[in-house]
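These notes concern the structure reproduced below.
In my numbering, the protein residues as written are 26 to 423.
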């Protein structure tokens, strides 16, 4: 932008609004224009913001012009912009809750040919945090999927495909070696089994487990879906989440032994560490550290903590994660047969629903389904780690 152009456009905008009053000026992404000023800013950006502030001060109450601005980062706005008399009223627009998502989804579902089995509330339960635009995209992707498959209506399968596409990205077409598939199956099987066994302790219900790789590096995952929107969590629920997080690594250890575990649990431990750290630093869930907020948002991290306090916090975090690992390992080792069975079904069908998993643990048959055939992986060099390890045995599906 050339010097002076931005401020001139601001003047023209407000002059046009006054000439056409009553009028409304809406500025989207106001943070791009009204971010906090600093010495490093270019002169033209300061001039543009200063002109905006001057125009807002020049309004009279009887000129019938309303100014509305939107941003996803209100904390980055210049304080001069949000002081009384300017943009002084804040309206927070959160993503819709479950009821709101269902209503939004129904609007978009009414615009396509959807099967009678497609239920907006059921979809809403599995789309926590989705915005209206993301819900629109989900329904649109489902309709495209139905068209590609030459299906007359959009069914549950297309909705599920679209939801996974929005949340996890597109499926990867690369061929995964059988050993890697087996490791992934034990990893995801560990997560799934732990979540089901810890359901009474507060673990969220399992929606699906899959070993289908995604283009963004995801080799497989277990989706947990709460049956309602949740705004707080109990200590018991946090501990259950910790055990589910570390159960993937335990699944690998059951298969491979401690020396041959993989790096696949890196994101799991990152998540577990965050949960444990919040339990200690923010929620007062540590008996040793008491009911003190060690992570106040208005102070630099650790600014007023002694080195001893920091060591105690890290020790408490480590104990929470380590204890969860020990307890989850005992749990999975005592249910090894169930883990092996889940793994075999994952290898056969690649994706299992929460209902499928519940039936497997009860020894009940699950409905047969077709699996897209894929070319066999090319053999690896005999000097590879896979050849040295050998292919472990699995329990056959009965």
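Where a beta carbon is used, it is the ideal one built from N, C-alpha and C, also for glycine.
Run through DSSP, which three-state label would residue 239 get? strand
Residue 115: which of 96, 130, 124 sits nearest, CA to CA? 96
Nearest neighbour of residue 158, chosen from 176, 184, 173, 129 [CA to CA]: 129
For residue 113 and residue 73, what's the separation of their Cα atoms in angstroms? 20 Å
Beta-carbon contacts of residue 139 that lie in its chain and below 7 Å, excluding the five residues immediately before and after: 178, 179
Hey, residue 241 and residue 194 are a contact pair by Cβ (cut 8 Å); roughly how many whole angstroms apart? 4 Å
Should residue 94 and residue 55 be called a contact, given that it needs their Cβ atoms to be closer than 9 Å? yes
Just the Cα atoms here: how many angstroms apart are residue 262 and residue 76? 52 Å
Do you know how far the Cα of residue 119 is from the Cα of residue 82? 30 Å
Can you give me the Cβ contacts of residue 107 inside the same chain, cut-off strictly under 7 Å, excluding the 5 residues immediately before and after it? 113
What is the DSSP secondary structure of residue 376, reduced to helix, strand or coil? strand
Going by DSSP, what residue range makes up the beta strand (DSSP E) through residue 51? 48 to 52
Is residue 282 near residue 216, with beta carbons less than 9 Å apart? no
In whole angstroms, give me the CA-to-CA distance for residue 385 and residue 361. 13 Å
Could you give the residue range of the beta strand (DSSP E) that holds residue 143? Residue 143 -> no beta strand (DSSP E), and no H or E assigned at all.
If distances are taken between C-alpha atoms only, which option among 268, 338, 196, 357 comes closest to residue 228? 268
CA-CA distance, residue 390 and residue 287? 32 Å
Leaving out the 5 sequence neighbours to the left and right, which residues in its chain are closer than 6 Å to residue 265 when beta-carbon positions are compared? 223, 226, 227, 228
Is it true that the stretch 328 to 339 meets the stretch 305 to 316, where meeting means three or more beta-carbon pairs spaced less than 8 Å apart? yes
Within this structure, are the beta carbons of residue 145 and residue 167 separated by less than 9 Å? no
Using the Cα positions of residue 314 and residue 342, report the straight-line distance between them to the nearest angstrom. 10 Å
By DSSP's criteria, residue 248 is part of a beta bridge. Which residues make up the other side? 233
State the DSSP-derived secondary structure class of residue 342, mapped to helix, strand or coil. helix
Under the rule that 16 or more other beta-carbon atoms within 10 Å means buried, what is residue 51, buried or exposed? exposed
Where does residue 200 fall in DSSP's three states? coil
Quick one: Cα of residue 280 to Cα of residue 364, how far? 10 Å
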